[in-house]
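Novice:
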Amino acid sequence: MPRVSQEHRDERKDAILTSAAGCFAQDGFHATSMADIIHASGLSAGSVYRYFKNKDDLIAAIVDRYLGTVIEAVVATSKRADSPADAVVESLRLISWRLHATPDEPLIRLLPQIWSEALRNDAIRSRGQELYRDLLAHFAALVRRAQVAGTLSPDLSPDATAQTMLALIQGHLLQAMLLDDIDLDAYGSAVRRLLAG
Numbered sequence: 001m002p003r004v005s006q007e008h009r010d011e012r013k014d015a016i017l018t019s020a021a022g023c024f025a026q027d028g029f030h031a032t033s034m035a036d037i038i039h040a041s042g043l044s045a046g047s048v049y050r051y052f053k054n055k056d057d058l059i060a061a062i063v064d065r066y067l068g069t070v071i072e073a074v075v076a077t078s079k080r081a082d083s084p085a086d087a088v089v090e091s092l093r094l095i096s097w098r099l100h101a102t103p104d105e106p107l108i109r110l111l112p113q114i115w116s117e118a119l120r121n122d123a124i125r126s127r128g129q130e131l132y133r134d135l136l137a138h139f140a141a142l143v144r145r146a147q148v149a150g151t152l153s154p155d156l157s158p159d160a161t162a163q164t165m166l167a168l169i170q171g172h173l174l175q176a177m178l179l180d181d182i183d184l185d186a187y188g189s190a191v192r193r194l195l196a197g
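In terms of UniProt numbering, the sequence shown has 95 at position 95, counting the first letter as 1, and numbering is strictly consecutive.
#1: Three Cβ pairs or more, each shorter than 8 Å: is that satisfied between the segment 152–167 and the segment 126–141?
#2: Can you tell me the Cβ-Cβ gap for LEU107 and LEU99, rounded? I've got them flagged as a contact below 8 Å.
#3: Give me the Cα-Cα distance between GLY42 and VAL48, rounded to the nearest whole angstrom.
#4: When DSSP labels each residue in this structure, what does GLU130 get in the three-state scheme?
#5: From what residue to what residue does the alpha helix (DSSP H) around GLU105 run?
#6: For the alpha helix (DSSP H) that ALA185 lies in, which residues bound it at each end?
#7: So, for LEU194: in the same chain, excluding its five sequence neighbours on each side, which residues have a beta-carbon less than 6 Å away from its beta-carbon?
#8: Any idea if PRO154 is buried or exposed, counting beta-carbon neighbours within 10 angstroms, 16 or more meaning buried?
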């Protein structure tokens, strides 16, 4: 019997996650069954359960894949930013590009579900806290650098400003999900004025 390569296992796991993300984005975490995911993946139940022991295991992997990936991208983008405002605006541009470049991208429908699931599921809440704390620490460091450089008021709390930066990103994502007429350039201009402090 030939051995299955790690690359094949990774591809299979990725395909299952993609199928699960599509199901979760369409019907939500709780209305989606493992049978739905198995059917969407085109694999046998045994194949799916070889990689994920249950739906909670799949949801945790979705959190890492989508929320984790977004946060990694925001951190990478904001490392190149000249100011906290630039970090927010450029992060939003990156996320917006990703959402519009791939019309069937489930991210915008998954993020609110992940946030909601964190209220019910301690493991998801813990992972979300870990991811967000890392991002907040990065934003707070960016604020401190701007304060030292004299481009941001030293009176601002770095931690509170970091939380505000995160809220501006999350708020924009929720508005983009619900409203069709969000002008990212105007939003970015307002963010720059708000964070000019």
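Note that the Cβ used here is the ideal one computed from N, Cα and C, for glycine as well.
Specialist: Here's the rundown:
#1: yes
#2: 6 Å
#3: 10 Å
#4: When secondary structure is reduced to three states using DSSP, GLU130 falls in the helix class.
#5: The continuous stretches of alpha helix (DSSP H) do not include GLU105, and DSSP gives it neither H nor E.
#6: For the sequence presented, residue 185 should be read as Asp rather than Ala. Its alpha helix (DSSP H) spans residues 184–194.
#7: none
#8: exposed
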